[in-house]
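Top to bottom, those sequences are chains A and B.
Each residue of the first sequence is one higher than the one before, counting from -11 in this note's numbering.
Each residue of the second sequence is one higher than the one before, counting from 10 in this note's numbering.
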Amino acid sequence: GAVVSQHPSWVICKSGTSVKIECRSLDFQATTMFWYRQFPKQSLMLMATSNEGSKATYEQGVEKDKFLINHASLTLSTLTVTSAHPEDSSFYICSARIASGTQETQYFGPGTRLLVL
Amino acid sequence: QKEVEQNSGPLSVPEGAIASLNCTYSDRGSQSFFWYRQYSGKSPELIMFIYSNGDKEDGRFTAQLNKASQYVSLLIRDSQPSDSATYLCAVFSFRNQGGKLIFGQGTELSVKP
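See the structure below:
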């Protein structure tokens, strides 16, 4: 399958700092990427849809000013958690879409584990 | 009604048995169906996708789709302890915001040696 990478794989930061997470499609171009968050023992929660060259579309309840998404190229989307707080500690996972006509497949990156102290 | 429903499990099967994972969805316009496997602490890994009614086989895995019943399943033959994971059913629909995957809550599978 297609390869999606994320960096960093884990990060520990102090409360109030901002953290940037990168998501890259390594062997294909992705016009659309997705950002998910997953708390322990819970299901994936879609945070936002990131479209290359346009503003991200956020899911209900997700603060767009806190979770800044930039999709500047066809292979890179970034998620910045601004002024992170302990409740933002979670597993953040991106995915990239490969579309062919009306069919599509979505591949996930390995995830970034964020711990805010 | 949830858009994609799965039994949360855990589903426990003995090694070598067939594991059957089920999923139902509410949007009749859904076009693509996926099964992901997620090991504890890891991100989801795509293992099967199916677009047409019927069965699709890949190694020990068989995906079954019945659009009339809005039902998709995953069979794992000769289950191994390494198959123990949470299996996520995902359905793609164009209904929302240009299309996105809707995930079920996942079924935890435990294969006992």
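Every residue, glycine too, gets a C-beta built ideally from N, C-alpha and C.
is_contact[B/Y60, chain C] using C-beta, thresh 8 Å = Reference to chain C is not applicable here, since the protein chains of this structure are A and B.
inquiry  = Please give me, in chain order, every unbroken run of the beta strand (DSSP E) with length at least 3 that falls completely inside the segment 17 to 43 of chain B.
reply    = 20 to 23 and 28 to 34
task = Please name the residue or residues paired with B/D64 in a DSSP beta bridge.
result = B/Q73
message = Just to confirm the assignment: which complete beta strand (DSSP E) runs, minimum length 3, are found wholly within the segment 21 to 97 of chain A?
response = 33 to 39, 55 to 61, 64 to 69, 78 to 88 and 91 to 96
message = Check whether chain B comes within 8 Å of A/E92, counting only Cβ atoms and requiring the distance to be less than that.
response = It does: the Cβ of A/E92 has a partner Cβ on chain B nearer than 8 Å.
task = Check whether the Cβ atoms of A/T105 and A/K29 lie closer than 8 Å to each other.
result = Sequence inspection shows Leu at residue 105 of chain A; the Thr mentioned does not correspond to that position. Contact flag unset, no.
ask   = Between which two residues does the beta strand (DSSP E) containing B/K11 stretch?
value = That residue, B/K11, is in no beta strand (DSSP E); it is neither H nor E in DSSP.
inquiry  = Quick check on A/W23: buried or exposed, where buried means 16 or more other Cβ atoms within 10 Å of its Cβ?
reply    = buried
query = Using Cβ-Cβ distances below 8 Å, what residues of the segment 76 to 88 of chain B are close to chain A?
reply = none
request  = Tell me whether B/S91 sits in a helix, a strand or coil according to DSSP, three-state version.
outcome  = Secondary structure at B/S91: helix, using DSSP grouped into helix, strand and coil.
ask   = So is A/F96 in contact with chain B if we call contact Cβ pairs under 8 Å?
value = Yes, its Cβ sits closer than 8 Å to a Cβ of chain B.
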